[in-house]
Ligand code: ATP
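Residue numbers (my numbering): 5 to 755.
So this is what it looks like as structure tokens:
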């Protein structure tokens, strides 16, 4: 890459368009004081994107624009255009010639153009950094600024050296990676907050889903147990019904016969002993006794029924106790409270909605369970039944006393009749026997009737339970197919089923009932809402977790990149310092005719930049830790010199000339190690005596082998090394004018 030309228009004292061409390795600009030479050096800074007005001796953009004079009106804008030969593609653009232009308007607005197209300042900076033309401007040494490299702080000096070594491009990359890492850390924190907010809701839903799954398992279990229970019940009912029909057959027939016989005997007695008091009494007692017995049987059956109903009611109220214990109500209240507290803390509408939705589900579920409390259906009947029961028991008791009376009277009568040996009493004796036998049969039949009624109640229960079971399963229950097995897994025969103690089946029913209550507790309702909510919430959680993993990955990559860049920078820096030291010492010895000079890296404390706070796990960052850790030790660069024949060691002890020599040695060393495409030296040689001017001239020529040099000078020796000489003059009009001069002319112009 080679500088071709620079063109100034309206820039400072260059009111008119002025072009300098750089056809030689060394170009010298000469002219009297105040003619505008330094303005040319500053025009370079300007076009290369300098942002510091101070370094261009201005306060605002306007100061850079031709301000007018009596002879020439002020300009509206200043522009500088720099043209490079880019045939070697040192600038990463596919053009043989690259032009860079910057314009500043009186409004203060700046424009940058690359080959005529408007670009951002950043684009210019990046492009130039590739070609070792860094922002610190180490390649433009302004007037009086030669010892800037000596006065700079340790860290500023390090930055100048990094720039000179061409490390700026890496620094740019590292800064960008650090910015990205910081942003990634922020994103991670945000995602983690979202995830943390989601967690309680997700846990709640997980518990709900677990309950739903349990309820499904329970429902299957209940359905299966219910089917087996119903099968047993149906077998029992069928066999018992048939058994009762059989059992009734014989006593019913005998009873019928006895009824005929008794009727016949009564008729006989009525004919023969019609008016006999004993006979009359016998008939009456028989009638009364029979009525009492029938009533008692009836009551006994009624009591049986009432007791059955009461037992059923007790079972239901027992279920109430089990269904909503106080503990659970409290858990519910606590749950609602904590959800509400979390909800209050939310700001996002969507999250608020999600939370409220969860609360609605929770409340609905609780309502459903409260409404299904069986006590509401059952409790009212209980009192009425108990009252009826005690009335019947009282009546039963009275009937017992009456029966006893009738029995005694009958017995007395029987004995008196038997004592009469009179054959005429045979019929009465026979009637007694028949009555007694009939009594026995009627007791048998009454007990059968009791069992029949029980059976029919059991049949009704069976139908009801069948209905319930079907409702629970959501389909008709197939109670016929299941094979009933005992504990050892063997099939049980119908006869054995019917033979089983009813208590066992009753216990089975109770267990089943408990399972059903449990099932009602966990809820058999429609769970799609909860399942949908769970699916969505866990998907969102999954998404956030993936996002977090991705962010973590990119943070990892960025950290690796930063580490790699840091390592590269470190290596190149150490290597560069070594090389600069070699040159520095050489140039120093040359300038001072001996002695030694060296750069040294030293550690300095500095505030840590914020990127490094993004630790591996951003969530674990605690603010309190920041204070102490924000101090970072950074490496700066110090200069150690030793003059020949003098015991001077500190830079501050040097004379003005010695300072100039030292800085020139260092600047030239830096340029020698990593030559910039061009180097502008504005009166860097001002303080040199004749002998040193010659050495300076030699060094300039050495540097010119690798970099184009533009030297602004009053020094004859320096001028003599230039291939092209420009003279700058300024007339009464205050406008700088440029002319190409020969060496001899130059000496005259420079005066
Ligand atoms: P020396 O040899 O003394 O260093 P020089 O040749 O480097 O001098 P400069 O410092 O480049 O001179 O030029 C300064 C001149 O430029 C001054 O006369 C100043 O008035 C003029 N100048 C600076 N800015 C403007 C401006 N915006 N409009 C007009 N003239 C300006």
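Positions of the beta carbon are idealized from the N, C-alpha and C atoms, including for glycine.
Compare the beta carbon distance of residue i and residue j with 8 Å and say whether it is the shorter of the two.
i: residue 722; j: residue 732; result: no
i: residue 608; j: residue 640; result: yes
i: residue 60; j: residue 49; result: yes
i: residue 142; j: residue 117; result: no
i: residue 94; j: residue 135; result: yes
i: residue 145; j: residue 645; result: no
i: residue 700; j: residue 713; result: no
i: residue 112; j: residue 64; result: yes
i: residue 45; j: residue 728; result: no
i: residue 481; j: residue 474; result: yes
i: residue 768; j: residue 232; result: Summary: the structure shown does not reach residue 768, with the chain confined to residues 5 through 755, and so no result is reported for it.
i: residue 389; j: residue 510; result: no
i: residue 9; j: residue 24; result: yes
i: residue 175; j: residue 52; result: no
i: residue 282; j: residue 501; result: no
i: residue 289; j: residue 414; result: yes
i: residue 265; j: residue 438; result: yes
i: residue 91; j: residue 19; result: no
i: residue 703; j: residue 591; result: yes
i: residue 754; j: residue 36; result: yes
i: residue 292; j: residue 417; result: no
i: residue 562; j: residue 181; result: yes
Going by the C-beta, is residue i closer than 7 Å to any heavy atom of the ligand ATP?
i: residue 665; result: no
i: residue 85; result: no
i: residue 67; result: yes
i: residue 147; result: yes
i: residue 43; result: yes
i: residue 63; result: no
i: residue 732; result: yes
i: residue 16; result: yes
i: residue 37; result: yes
i: residue 114; result: no
i: residue 71; result: yes
i: residue 762; result: Here the chain covers residues 5 to 755 and nothing more, so residue 762 does not appear.
i: residue 738; result: yes
Report the option in the options whose CA atom is closest to the CA atom of residue i.
i: residue 212; options: 178, 304, 365, 82; result: 365
i: residue 585; options: 570, 577, 603; result: 603
i: residue 551; options: 718, 192, 431, 222; result: 192
i: residue 107; options: 124, 195, 97, 689; result: 124
i: residue 258; options: 170, 442, 285; result: 442
i: residue 463; options: 243, 88, 606; result: 243
i: residue 43; options: 655, 83, 726, 29; result: 83
i: residue 207; options: 541, 424, 51; result: 541
i: residue 653; options: 674, 600, 703; result: 600
i: residue 170; options: 156, 76, 130, 496; result: 130
i: residue 315; options: 564, 216, 385, 705; result: 385
i: residue 214; options: 526, 147, 497, 494; result: 526
i: residue 559; options: 153, 47, 185; result: 185
i: residue 29; options: 36, 7, 41; result: 7
i: residue 250; options: 128, 456, 588, 96; result: 456
i: residue 33; options: 88, 147, 98; result: 147
i: residue 697; options: 303, 537, 677, 665; result: 665
i: residue 200; options: 348, 230, 548, 305; result: 548
i: residue 517; options: 318, 398, 496; result: 318
Any 3 or more C-beta pairs closer than 8 Å across the region 505 to 521 and the region 248 to 258: no
Sufficient close CB pairs (3 or more, under 8 Å) joining the region 736 to 751 to the region 701 to 719: Fewer than three pairs of CB atoms, one per stretch, sit closer than 8 Å, so the region 736 to 751 makes no contact with the region 701 to 719.
Cβ pair count under 8 Å reaching 3, the region 96 to 107 against the region 118 to 129: Output reads yes: the region 118 to 129 touches the region 96 to 107.
At least 3 beta-carbon pairs within less than 8 Å: the region 62 to 79 vs the region 13 to 21: Segments in contact, yes.
Three-pair Cβ contact test at 8 Å for the region 562 to 574 versus the region 593 to 600: No contact exists between the region 562 to 574 and the region 593 to 600.
Segment contact, 8 Å Cβ cut-off, at least three pairs: the region 144 to 160 with the region 571 to 591: no
Segment contact, 8 Å Cβ cut-off, at least three pairs: the region 262 to 275 with the region 404 to 411: no
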